[in-house]
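Asker:
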Amino acid sequence: MKVTIFGTGYVGLVTGACLADVGNEVVCLDVDRHKIDLLNGGGIPIFEPGLAEMVERNARGGRLCFTTDVQHAVDHGCCLFITVGTPPGENGSSDIRFVEAVATSIGDAMREEKVIVTKSTVPVGTADRVRAILTERLAARGLDLVFDVVSNPEFLKEGDAIDDFMKPDRIVVGAESPRAIEILRELYAPFNRNHGRMLVMDVRSAELTKYAANAMLATKISFMNELANLAERLGADIEHVRVGIGSDPRIGYEFIYPGAGYGGSCFPKDVRALERTAAEVGYDAELLRAVEGVNERQKLVLPAKIRRHFGDDLRGRVFALWGLAFKPNTDDMREAPSRPLMEALWAAGATVQAHDPEAMQEARRLYGDRPDLRLCESPEAALEDADALIIVTEWRVFRSPDFATIKAKLKRPVVFDGRNLYDPVRLASEGIAYHGIGLGTGRDGTAPGAGVT
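As numbered in our numbering, the sequence shown has no gaps in its residue numbers, which increase by one up to the final residue, 476.
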């Protein structure tokens, strides 16, 4: 099948590469000439495990190409996927101007019937808006062409996107047209061989499904962080509680790990957008507002623990920071917990020595060269003469460190663990003070509120 992808960001590039990998002829279009030149030169603008190899393989095989030519892109595909960004607006709603711009470009270039697929995360009702734009632009050209607008939201986890696309849990298709449904069924047949993963529903339900899924997962995370904060104050161990509740199959173990808060391009934006959508139809989404509020507060838990330990004035202090990306296997720092943490440390006068396997360049882009941020080439280098180690991202390389090296390199043997990677008993036996998330008296390094020098 001939497919066109509008947008070569995270969703577009993964979608295009995966569809090409099963034999489709894919053209990816972007208005950013620099990005297209990079892709045509063999480069990749984002980090995602396995993506560079997949893009290179399919470009070499002639199944995947990149262009800025709108007319060529529209003419090429019988399915046109819209995968451009929908950044948050000032009021928290999703800004769909890029989606509207793509719809306008398609309407100005269409010369035959097409299936237009919105894969971007968009507010409920966006497909209606796309349909209206296409109808208007075609009418302005004196054309009455047949087209369908389908909602096909993505469910890709950064760091696991290729596996998620190639072996999906579900393929949600919102469409009313039998013709469009059959075309999508054919397109997704290679990913749907073992059992029926394709869920067909009306367009608005498909649009809402994506927001509902991300809001549900964010709710689980915030609920667990709320319990973690309560456990600390009650002298309980949230890790024991997590196992106790996760063993209930109605709850399960996914997304119930306490930590420093969620970040990234999806959960924060989508929770706010869904809350805003509710407000627009006169509904007060109290739970969604609470989920966001708990998450923002959770990002300040580690700075509060550090101040309790060292005092409010951190001038002259140096902190080793392991992890900058919002999660492992990505270089994405959008709304990452590392950012408010570093900014709080800087405001108190401290210096940060940070290491991340992939996000160093992104940190440099965001913060530039500043004397209170040192980007270190290894985890061990970040430890040199630091007053304490802080862990924010649960990269695999951080999971089993040499604790003797940590103790030897730090000025003070103190670890603040925002992901509960380590066993407090083990660290205590190594002579390292340990402060995790949701660990009550006897498991954390000190009782809540206690300070040490």
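Beta carbons: idealized from backbone N, C-alpha and C, even for Gly.
#1: Do Phe178 and Ala126 count as a contact pair if the criterion is CB distance below 9 Å?
#2: Whose C-alpha, out of Ala370, Arg419, Leu396 and Val420, is nearest the C-alpha of Ala409?
#3: Under 9 Å, do Leu462 and Glu262 count as touching if we go by C-beta distance?
#4: Identify which residue in Leu207, Ser116, Ser452 and Met189 has its Cα closest to the Cα of Val196.
#5: If you check the beta carbons only, do Val107 and Arg134 fall under 9 Å apart?
#6: Quick one: Cα of Glu76 to Cα of Asp44, how far?
#7: With Arg312 as the anchor, note down where its alpha helix (DSSP H) starts and where it stops.
#8: Where do the N-terminal and C-terminal ends of the beta strand (DSSP E) with Ala163 fall, by residue?
#9: Taking the CB atoms as reference points, tell me whether Leu42 and Ile67 lie closer together than 9 Å.
#10: According to DSSP, Gly275 sits in a beta bridge with which residue or residues?
#11: Would you mind working out which of Asp392, Ser452, Tyr457 and Glu249 sits nearest Ala411, comparing C-alpha positions?
#12: Three or more C-beta pairs under 8 Å: does that hold for the region 292 to 302 against the region 269 to 277?
#13: Whose CA, out of Ala254, Leu222 and Asp186, lies closest to the CA of Asn175?
#14: Does the distance from the C-beta atom of Ile139 to that of Ile129 stay below 9 Å?
#15: Can the beta-carbon of Cys101 be found closer than 9 Å to that of Lys137?
#16: With 16 as the cutoff for other CB atoms within 10 Å, does Asp92 come out buried or exposed?
#17: Pick out the complete alpha helix (DSSP H) segments inside the region 324 to 409, 4 residues or longer, and give them in chain order.
#18: Excluding sequence positions up to five away, which residues of its chain have a Cβ less than 6 Å from the Cβ of Tyr33?
#19: Check the DSSP bridge columns for Phe170 and list the partner residues they point to.
#20: Excluding the 5 residues flanking Val437 on each side, which residues of the same chain have their C-beta closer than 6 Å to its C-beta?
#21: Relative to the alpha-carbon of Met247, which residue among Arg393, Val314 and Phe333 has its alpha-carbon at the smallest distance?
#22: Look at Asp131 and Arg160 and say whether their C-beta atoms are less than 9 Å apart.
#23: Let me know if Lys190 comes out buried or exposed under the rule of 16 or more other beta-carbons within 10 Å of its beta-carbon.
#24: 9 Å is my cut-off, CB to CB: does Gly32 come that close to chain C?
#25: Determine which residues share a DSSP beta bridge with Pro111 and list them.
#26: Let me check one thing: in DSSP terms, what residues is Val196 bridge-paired to?
#27: Note down the Cα distance separating Arg154 from His332, rounded to an integer number of angstroms.
#28: Whole angstroms is fine: what's the gap from Thr469's alpha carbon to Asn114's?
#29: How far does the alpha helix (DSSP H) with Thr38 in it reach, from first residue to last?
#30: Looking at the structure shown, is Lys25 part of a helix, part of a strand, or coil, going by DSSP?
#31: As a quick exercise: from Leu240, Leu257 and Tyr276, pick the residue whose alpha carbon is nearest that of Val294.
Answerer: Taking the geometry as given:
#1: Taking the first residue of the sequence shown as position 1, residue 126 is located at position 103. Taking the first residue of the sequence shown as position 1, residue 178 is located at position 155. With respect to Phe178, Ala126 sits apart: the two C-beta atoms are not nearer than 9 Å.
#2: As a working note, residue 409 is residue 386 in the sequence shown. Taking only the C-alpha atoms, the option nearest Ala409 is Leu396.
#3: Counted from its first residue, the sequence shown places residue 462 at position 439. Counted from its first residue, the sequence shown places residue 262 at position 239. At the C-beta level, Leu462 and Glu262 come within 9 Å of one another.
#4: The sequence position of residue 196 within the sequence shown is 173, counting from 1. Leu207 is the residue among Leu207, Ser116, Ser452 and Met189 whose C-alpha sits nearest the C-alpha of Val196.
#5: Within the sequence shown, numbered from 1, the residue matching residue 107 stands at position 84. Within the sequence shown, numbered from 1, the residue matching residue 134 stands at position 111. Cβ atoms of Val107 and Arg134: not closer than 9 Å.
#6: For the purposes of this step, residue 76 is identified with residue 53 of the sequence shown, where counting begins at 1. For the purposes of this step, residue 44 is identified with residue 21 of the sequence shown, where counting begins at 1. Note on geometry: alpha-carbon atoms of Glu76 and Asp44 lie some 11 Å from one another.
#7: Within the sequence shown, numbered from 1, the residue matching residue 312 stands at position 289. Unbroken alpha helix (DSSP H) run through Arg312: Glu309 to Gln321.
#8: As a first step, residue 163 is located in the sequence shown; it is residue number 140 there, counting from the start. No beta strand (DSSP E) contains Ala163, which is instead part of the alpha helix (DSSP H) from Thr149 to Ala163.
#9: Counting from 1 along the sequence shown, the entry for residue 42 is found at position 19. Counting from 1 along the sequence shown, the entry for residue 67 is found at position 44. Taking 9 Å as the Cβ cut-off, Leu42 and Ile67 do not qualify as a contacting pair.
#10: Position 252 of the sequence shown holds residue 275. Residue pairing by DSSP places Gly275 in no beta bridge whatsoever.
#11: Indexing the sequence shown from 1 puts residue 411 at position 388. Of Asp392, Ser452, Tyr457 and Glu249, the smallest CA-CA separation from Ala411 is found for Tyr457.
#12: Contact annotation: the region 292 to 302 does not touch the region 269 to 277, with fewer than three C-beta pairs closer than 8 Å.
#13: Stepping through the sequence shown from its first residue, residue 175 is reached at position 152. Nearest of Ala254, Leu222 and Asp186 to Asn175, Cα basis: Leu222.
#14: In the sequence shown, the residue the question calls residue 139 occupies position 116. In the sequence shown, the residue the question calls residue 129 occupies position 106. For Ile139 and Ile129, yes; Cβs fall inside 9 Å.
#15: Here residue 101 is taken as the residue at index 78 of the sequence shown, counted from 1. Here residue 137 is taken as the residue at index 114 of the sequence shown, counted from 1. Cβ distance < 9 Å, so Cys101 and Lys137 count as in contact.
#16: By 1-based counting over the sequence shown, the position of residue 92 is 69. By the neighbour-count rule (16 or more Cβ atoms within 10 Å), Asp92 is not buried but exposed.
#17: Correct list: 324 to 333, 361 to 370, 383 to 390 and 402 to 406.
#18: As a working mapping, residue 33 is identified with position 10 in the sequence shown. Answer for Tyr33: Ile69, listed in chain order.
#19: For the purposes of this step, residue 170 is taken as the residue at position 147 of the sequence shown. Phe170 is bridged to Lys137.
#20: On the sequence shown, position 414 is the one that residue 437 refers to. Same-chain partners within the cutoff: Ala411 and Ala456.
#21: Locating residue 247 in the sequence shown gives position 224, where the first residue counts as 1. For Met247, the nearest C-alpha among the options comes from Val314.
#22: Translated into the one-based positions of the sequence shown, residue 131 becomes position 108. Translated into the one-based positions of the sequence shown, residue 160 becomes position 137. Cβ atoms of Asp131 and Arg160: closer than 9 Å.
#23: On the sequence shown, position 167 is the one that residue 190 refers to. For Lys190, the number of other beta carbons within 10 angstroms of its own is below 16, and it is reported as exposed.
#24: You won't find chain C in this structure, because it holds only one protein chain.
#25: Mapped onto the sequence shown, residue 111 falls at position 88. BP columns for Pro111 point to Ser117.
#26: Reading the sequence shown from its first residue, position 173 is the one you call residue 196. DSSP, once it has assigned bridges, lists Val223 as partnering Val196.
#27: The residue you call residue 154 lines up with position 131 of the sequence shown. The residue you call residue 332 lines up with position 309 of the sequence shown. Taking the straight line joining both Cα atoms gives about 58 Å.
#28: Counting from 1 along the sequence shown, the entry for residue 469 is found at position 446. Counting from 1 along the sequence shown, the entry for residue 114 is found at position 91. With a pLDDT of only 45 at Thr469, under 50, the local geometry of the prediction cannot be trusted, and the value read off the model is given with reservation. Each residue's Cα considered, the two are about 41 Å apart.
#29: Within the sequence shown, residue 38 is the residue found at index 15, counting from 1. From DSSP, the alpha helix (DSSP H) with Thr38 extends over Tyr33 to Asp44.
#30: To locate residue 25, count along the sequence shown from 1; it is residue 2. Lys25 sits in a strand when the DSSP states are folded into three classes.
#31: Here residue 294 refers to the residue found at position 271 of the sequence shown. When C-alpha distances from Val294 are compared across Leu240, Leu257 and Tyr276, the shortest belongs to Leu240.
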